[in-house]
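Engineer: The listed protein sequences correspond, in order, to chains D and R.
If you use our numbering, the first sequence corresponds to residues 23 to 461, in order.
If you use our numbering, the second sequence corresponds to residues 2 to 965, in order.
Beta carbons: idealized from backbone N, C-alpha and C, even for Gly.
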Amino acid sequence: MIGGLFIYNHKGEVLISRVYRDDIGRNAVDAFRVNVIHARQQVRSPVTNIARTSFFHVKRSNIWLAAVTKQNVNAAMVFEFLYKMCDVMTAYFGKISEENIKNNFVLIYELLDEILDFGYPQNSETGALKTFITQQGIKSQTKEEQSQITSQVTGQIGWRREGIKYRRNELFLDVLESVNLLMSPQGQVLSAHVSGRVVMKSYLSGMPECKFGMNDKIVIDKQGKGGTTDDTGKSELGGSGKQSIAIDDCTFHQCVRLSKFDSERSISFIPPDGEYELMRYRTTKDIILPFRVIPLVREVGRTKLEVKVVIKSNFKPSLLAQKIEVRIPTPLNTSGVQVICMKGKAKYKASENAIVWKIKRMAGMKESQISAEIELLPTNDKKKWARPPISMNFEVPFAPSGLKVRYLKVFEPKLNYSDHDVIKWVRYIGRSGIYETRC
Amino acid sequence: MEWASQLCENRGLGSKMTDSKYFTTTKKGEIFELKAELNSDKKEKKKEAVKKVIASMTVGKDVSALFPDVVNCMQTDNLELKKLVYLYLMNYAKSQPDMAIMAVNTFVKDCEDPNPLIRALAVRTMGCIRVDKITEYLCEPLRKCLKDEDPYVRKTAAVCVAKLHDINAQLVEDQGFLDTLKDLISDSNPMVVANAVAALSEIAESHPNSNLLDLNPQTINKLLTALNECTEWGQIFILDCLANYTPRDDRESQSICERVTPRLSHANSAVVLSAVKVLMKFMEMLPKDLDYYGTLLKKLAPPLVTLLSAEPELQYVALRNINLIVQKRPEILKHEMKVFFVKYNDPIYVKLEKLDIMIRLASQANIAQVLAELKEYATEVDVDFVRKAVRAIGRCAIKVEQSAERCVSTLLDLIQTKVNYVVQEAIVVIKDIFRKYPNKYESVIATLCENLDSLDEPEARAAMIWIVGEYAERIDNADELLESFLEGFHDESTQVQLQLLTAIVKLFLKKPTETQELVQQVLSLATQDSDNPDLRDRGYIYWRLLSTDPVAAKEVVLAEKPLISEETDLIEPTLLEELICHIGTLASVYHKPPSAFVEGSRGVQHRRLPPRAGSVESAESPDVGQSGPSEAPPAVIPSQGDLLGDLLNLDLAPPTATVPSVQPSMQMGAMDLLGGGLDSLLGGDIGGSPSMGAGLGAAPTAMPAALGGAPPVGGGLGDLFDLGGGVGMPTGFYVVPKTLWLPAMKAKGLEISGTFARRGGIIQMDMSLTNKAMSVMTDFAIQFNRNSFGLAPAGPLQVLTPLSPNQTIDVSLPLSTSGPVMKMEPLNNLQVAVKNNIDVFYFSCQFPLSLLFVEDGKMERQVFLATWKDIPNDNEAQFQIKDIHLNSDAASNKLQGSNIFTIAKRTVEGQDMLYQSIKLTNSIWVLAEMRVQTGNPNYTLSIKCRAPEVCQFVYQCYEMVLKN
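1. Cα-Cα, which of L814(R), G128(R) and W869(R) is closest to I764(R)?
2. Please identify the residue among M961(R), T779(R) and Q784(R) whose C-alpha is closest to the C-alpha of L801(R).
3. What would DSSP say about D70(R), mapped onto helix, strand or coil?
4. Show which residues of chain R have a CB atom less than 7 Å away from the CB atom of H275(D).
5. Taking one C-beta from the segment 145-152 of chain R and one from the segment 185-193 of chain R each time, how about it: are there three or more such pairs within less than 8 Å?
6. Note down the Cα distance separating Q97(R) from Q178(D), rounded to an integer number of angstroms.
7. In chain order, what residues of the same chain lie with their CB nearer than 7 Å to the CB of G455(D), ignoring the 5 residues before and after it?
8. Could you check how far apart the C-beta atoms of R219(D) and D270(D) are, in whole angstroms? I think they sit under 8 Å.
9. By a C-beta neighbour count over all protein chains shown, 10 Å radius and 16 as the cutoff for buried, is Y429(D) buried or exposed?
10. Since I believe V391(R) is in contact with L1(R) (beta carbons under 8 Å), could you give me their beta-carbon distance rounded to a whole number of angstroms?
11. Considering just the uninterrupted stretch of the alpha helix (DSSP H) at Y980(R), what are its terminal residues?
12. Give a yes or no on whether the minimum CB-CB distance between S622(R) and chain D is below 9 Å.
13. Would the segment 55-75 of chain R and the segment 107-114 of chain D be scored as touching if the rule is three or more Cβ pairs under 8 Å?
14. For D570(R) and L325(R), I'd like the C-alpha separation in whole angstroms.
15. Note down the Cα distance separating I584(R) from E443(R), rounded to an integer number of angstroms.
16. How should L963(R) be labelled, buried or exposed, when 16 other C-beta atoms within 10 angstroms of its C-beta is the threshold for buried?
17. Based on the DSSP output, what are the partners of F291(D) in its beta bridges?
18. Do E471(R) and K507(R) have their beta-carbon atoms positioned less than 9 Å apart in this structure?
19. Can a CB atom of chain R be found closer than 9 Å to the CB of C461(D)?
20. Can you look up S924(R) in the DSSP assignment and give me helix, strand or coil?
21. Measure the Cβ-Cβ separation of A121(R) and T77(R) and say whether it is below 9 Å.
22. Tell me which residues share the same chain as G149(D) and place their Cβ nearer than 8 Å to its Cβ, disregarding the 5 neighbours each side in the sequence.
23. Please return the same chain residues whose Cβ sits closer than 6 Å to the Cβ of L214(R), not counting the five positions on each side in sequence.
24. Starting from Y131(D), trace the alpha helix (DSSP H) in both directions and tell me its first and last residue.
25. Taking only the alpha-carbon atoms, compute the straight-line gap between P313(R) and F337(D) and give it to the nearest angstrom.
26. Expressed to the nearest angstrom, what Euclidean distance is found between the alpha-carbon atoms of E426(R) and R388(R)?
27. Give the DSSP-derived three-state secondary structure of T514(R) in the structure shown.
28. For Y350(R), collect the residues of the same chain with a Cβ closer than 7 Å to its Cβ; drop the 5 residues on either side in sequence, then sort them by chain order.
29. Measuring alpha carbon to alpha carbon, tell me which residue in Q897(R), I505(R), E451(R) and I468(R) is nearest D480(R).
30. Report the residue ranges of all beta strand (DSSP E) runs contained in full by the segment 354-401 of chain R; include only those spanning at least 3 residues, in chain order.
31. Does the contact criterion of 3 or more C-beta pairs under 8 Å hold for the segment 893-901 of chain R versus the segment 830-838 of chain R?
32. Compare the C-alpha of S310(R) against each of G323(D), V359(D), L311(D) and H215(D) and name the closest.
33. Under 8 Å between beta-carbons, which chain D residues line up against F598(R)? List them in chain order, please.
34. When you compare the CB of I221(R) with every CB in chain C, is at least one pair closer than 9 Å?
35. Give me, in chain order, the residues of the same chain whose beta-carbon lies closer than 6 Å to that of N126(D); leave out the 5 immediate sequence neighbours on both sides.
36. Name, going along the chain, the residues of the segment 286-302 of chain D whose beta-carbon falls closer than 9 Å to a beta-carbon of chain R.
Below is the structure:
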């Protein structure tokens with residue numbers, strides 16, 4: 023199991039050091055600093071073995087978090103724990119920075135004492151932790167409150183406490199997708215997938231039972247066979263009017279009853295209070311690619327490049343894409359660039375070796391173009407320019423996978439509010455993930 | 002502490018009160034000041050002071066001098082302060098054990114506190130204080146806490162048992178905490194169950210045979226129920242524990258798999274990977290024709306792909322694991338090639354791993370796409386990545402024949418880029434392609450030759466020289482090219498020198514007229530001016546060969562070479578199996594067994610996959626398993642040790658054998674090439690060629706001196722014949738016919754079959770080594786891994802002459818039983834490493850236990866009686882030996898030949914009862930009663946031994962001896 027956990031600043035000074043196991047000594051703190059933080063070479067692996075001691079590290083801005091062990095631990099668990107640790111810290115005091123860590127070091131030690139026992143991760147749900155790790159002392163609690171805390175921390179529904187009350191029962195569902203594309207210069211899709219998340223903000227009283235439904239192909243097909251017709255599926259968004267989507271794989275927050283999903287493919291759960299990620303999913307079939315990038319790069323002699331890039335939006339004209347940014351890489355020996363674009367603003371950024379073209383808004387089924395002339399310094403470098411791909415960023419108000427929320431039903435038998443009384447909001451946002459076209 | 006002083010200013014300005022100020026303290030008299038503050042009456046001031054102390058502790062200052070003052074602050078209602086004091090205590094208690102005892106009272110009192118959070122805190126902290134005196138006081142509070150009404154306290158107490166065990170294992174056992182811990186597996190609270198499982202698993206690891214985690218269908222059921230209810234971390238503990246269980250049959254296996262599969266949809270990647278581990282392991286037991294087997298295979302792919310959208314560090318862990326899974330079950334991900342395409346922004350460690358998996362998944366169906374990708378990668382910036390991409394193109398060519406042509410043209414394109422390391426890497430792989438597809442792509446040689454000057458790495462130079470030598474007849478200026486290398490002969494690495502020698506000899510044999518001078522030059526450089534024995538030896542061999550029989554030389558040096566295999570970098574199967582059992586863990590990240598990087602006894606248990614469904618092993622599994630051969634250790638066998646780790650790290654030099662001083666670390670392809678010139682050279686000699694003597698006599702004058710160190714060939718031959726005779730020696734010991742231990746496929750052409758024998762009290766391992774490769778093998782050495790009975794080679798492996806292609810040598814290796822001991826599964830398993838000039842190979846074989854039956858194994862009658870009574874009846878195992886048509890005397894005689902001694906015989910109602918004793922080399926006595934009924938071919942055998950796990954193997958010996 024985890025033998026110790028250290029947090030360093032960018033210089034390698036240790037900010038937090040908590041040792042859980044006897045086999046980890048103080049010298050481990052220095053070993054990591056010397057061999058990893060101060061190493062001259064780029065980090066070649068997130069797991070480093072130094073003198074039979076294994077170090078796992080992640081970096082958040084310029085803060086290093088390192089977990090240390092001498093045993094054959096579950097490596098995936100250690101990384102998951104480190105990420106979780108970051109989440110918990112962020113939930114308590116915001117951004118993970120040197121200043122925040124120093125300002126909260128007592129709190130961090132208290133958290134580390136609670137969420138890691140002898141190197142075994144314990145309940146690390148912020149909702150539960152905040153009930154008893156407060157930095158205020160817990161002396162005033164009554165006996166009932168205490169047992170409520172402990173039963174929540176250890177309980178089957180560790181993520182929600184009892185007795186939550188709202189005057190207005192409300193929930194928000196965000197379908198957030200990131201669409202990834204790798205396209206060849208000739209316009210052939212090399213790989214494309216959508217990784218999506220359903221984020222829920224719930225402000226519901228009591229211990230509500232929820233059921234979530236979407237246009238999952240497997241469910242729809244099953245219902246189709248059963249003879250029940252469904253009223254959903256009329257896609258008013260761009261792309262094809264497909265009724266259901268094939269989900270390659272999905273993972274759920276720990277509140278979802280996985281065995282039920284496995285057997286019936288229904289998603290039922292008691293949600294945590296506030297914001298959390300209900301599910302993640304991935305699709306690869308019938309993806310609506312919101313933009314198409316058509317690059318044209320021509321080398322004119324040894325000292326000049328001509329670049330022309332056309333982007334085409336491919337969704338319903340009534341919808342608007344936002345925050346569009348096209349990044350066209352330029353060679354290292356670029357001496358000057360002239361850019362002409364029809365729409366938006368374009369700039370050559372020498373420090374980033376790229377032409378950045380920004381467009382605030384663009385409706386569907388439109389087209390725009392940029393052309394640039396790149397002057398090159400003559401070099402005797404034999405190595406050819408690697409031509410990194412043209413990448414793109416954007417945000418569109420629909421789900422490129424075609425996912426639709428069909429329902430989210432809420433049942434709370436003990437309290438007197440019904441599904442109809444709950445105010446529900448659904449929003450779809452599609453963003454670019456790694457959206458690249460080779461040129 | 003520069004940052005500290007900055008913050009100090011903030012404080013001076015009276016800015017927001019934050020904790021960071023504690024990191025600052027005035028340097029002079031700081032301890033003194035703190036002391037005063039700690040003893041202050043004001044609570045706030047005390048707390049501030051403790052915070053400062055902790056801050057100093059964090060940055061590594063020694064504040065142990067404040068121990069009594071800090072401990073004084075422990076008695077407080079303020080939980081925050083208490084926690085800080087505890088933190089301090091955990092750090093310094095060990096250095097101040099006498100002072101630490103001051104804290105005990107508070108701990109004991111806190112364990113009775115009405116607030117469960119305080120009770121838990123006390124028991125949690127106490128377990129972290131590694132001071133004996135404190136540990137003593139811990140037992141009572143811990144006992145109470147394990148039965149506390151509050152689950153939060155119980156779950157903390159469960160982990161505390163593991164802590165205590167780490168400090169004082171004996172104490173934990175004596176106090177009966179292990180049983181309480183086992184009871185907690187049935188606790189109503191899932192988190193308590195999970196922590197109990199984690200604690201038990203950890204304790205069990207340091208007691209590999211303790212049967213602590215008594216996993217049976219009932220407990221498994223409890224675990225599976227808790228799995229649905231506990232936290233994500235708890236699910237990991239439970240799944241990792243489940244992975245150690247071996248289901249009884251395929252039905253149980255399937256039902257567990259069914260209950261584990263829902264975990265594949267968990268958001269936590271570690272839960273997913275641990276579930277994958279359980280499924281991969283248990284799948285092994287499912288019949289392949291089962292529908293469910295196919296369903297399961299299909300279910301595994303999507304979650305594995307999903308892991309690739311996790312954060313990069315987790316992607317890396319996932320990819321390392323996928324690399325193993327793809328080797329074990331390529332069918333799972335065969336359609337998922339695209340997801341392994343490298344993204345421009347992937348960290349380099351992710352890129353390199355993806356590349357590996359792409360090659361493993363490359364097939365005729367997707368090769369076009371893969372090649373297009375690889376070509377892109379070869380233009381990237383990172384040198385390692387580019388090299389690997391180029392190498393990958395070569396591997397694709399070798400793996401997918403249809404793509405070879407396209408690969409070659411891609412490689413040629415890359416050579417045109419003139420990027421130095423790309424060119425060198427390309428030449429190395431093109432050489433391999435030539436080996437795989439001879440006489441197909443030689444048209445590219447001209448292009449290759451253009452790049453001769455830019456090659457500065459030994460591997461690339463050696464590859465180029467090989468190409469020039471191999472195709473000397475097609476390269477007009479081959480002699481000039483080779484001559485140019487010869488100028489700096491002594492500055493070249495051994496790899497290049499050997500290659501150059503062979504290439505020039507090849508050239509000479511192809512174009513004898515123009516190159517006589519050149520060949521003489523290289524031979525004299527190699528034999529007279531070099532200190533390297535390998536080089537000298539090879540030089541002499543060529544010299545002699547050329548001077549005696551040029552025709553034979555031609556046959557030898559220009560012999561046809563065997564084709565190289567497709568997959569050269571697969572993980573060795575037993576290691577792969579073990580690593581599959583460690584999916585998700587560090588072992589799977591390092592691709593090394595835990596013993597290679599874990600110190601001490603923890604976690605070094607050798608894990609194996611369950612036997613394959615329907616395989617012989619499971620069909621034959623004895624129904625006499627009540628004594629559970631693998632569960633309790635014999636007293637003589639220490640429980641710790643490591644297995645493959647030893648083999649992996651082992652220094653293969655045997656006690657006395659000669660080992661070449663230079664060990665070129667080359668890839669297999671290159672190695673074969675080196676040997677190419679030596680093909681069947683010595684094979685002809687030893688085969689009894691009449692010209693042998695003459696050949697030796699006609700050797701160059703320098704020869705005897707050079708060979709002085711090595712024994713004469715004739716002597717070696719004599720030894721061989723002796724050994725050949727030795728194999729069949731009649732000693733009464735039944736020798737099993739030789740079985741194949743190491744197939745040539747797995748050992749680059751070396752085939753080993755063998756058996757064991759006991760002759761006159763000496764244990765011998767008889768082996769036949771066959772060279773099925775095309776090159777001569779030399780420098781044999783052998784080593785055993787630790788094993789149950791400490792078998793170890795008593796001398797070096799006596800292979801005195803090089804083993805030429807198609808030659809077989811019988812060797813008999815005397816064994817001692819004084820080697821390091823470690824329990825193996827099965828008990829009679831022996832893991833062997835054999836080294837030759839090419840590589841190190843591993844195999845495992847099983848020896849009959851009768852090998853270890855010593856000659857003085859006859860027990861006194863009285864002793865026998867007393868011992869028989871003394872051994873508990875639980876240790877008795879009964880077996881049936883069927884179809885034996887011998888009377889009791891004949892059987893007894895036969896058994897005596899194998900050192901199974903009959904002490905007494907009794908006849909009751911036509912039934913002969915033979916009482917027999919056996920003594921093993923490690924002084925374990927085995928007592929047996931054999932009942933023989935006249936006219937009944939079935940014997941009944943009862944075996945009693947203090948180490949009951951040997952019974953099964955003793956029974957096998959009986960059966961073997963009696964039936965043969």
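Structural biologist: For this structure:
1. L814(R)
2. T779(R)
3. DSSP places D70(R) in the helix class (H, G or I) of the three-state scheme.
4. A268
5. yes
6. 42 Å
7. Around G455(D), the same chain offers S200, V201, N202 and S217 as residues with beta carbons nearer than 7 Å, after the five sequence neighbours per side are excluded.
8. Not confirmed; about 15 Å, so no contact.
9. exposed
10. Past the boundaries of the shown model lies residue 1(R); chain R is included only from 2 to 965, so the question cannot be answered.
11. Nothing about residue 980(R) can be read from this structure; chain R reaches only from 2 to 965.
12. Only weak support is given to the placement of S622(R): the predicted model assigns it a pLDDT of 40, under 50, and the question is left unresolved by the model.
13. no
14. 12 Å
15. 44 Å
16. buried
17. In the DSSP output, where bridge partners are listed per residue, F291(D) has C232(D) and V278(D).
18. yes
19. no
20. coil
21. no
22. Excluding positions up to five away in sequence, the list reads W181, R182, R183, P294, D295 and G296.
23. L201 and A205
24. F127 to I137
25. 32 Å
26. 6 Å
27. coil
28. Y317
29. I505(R)
30. none
31. no
32. H215(D)
33. N71, R74, S76 and N94
34. Structure shown: chain C not included; protein chains present are D and R.
35. F115
36. E299, M301 and R302
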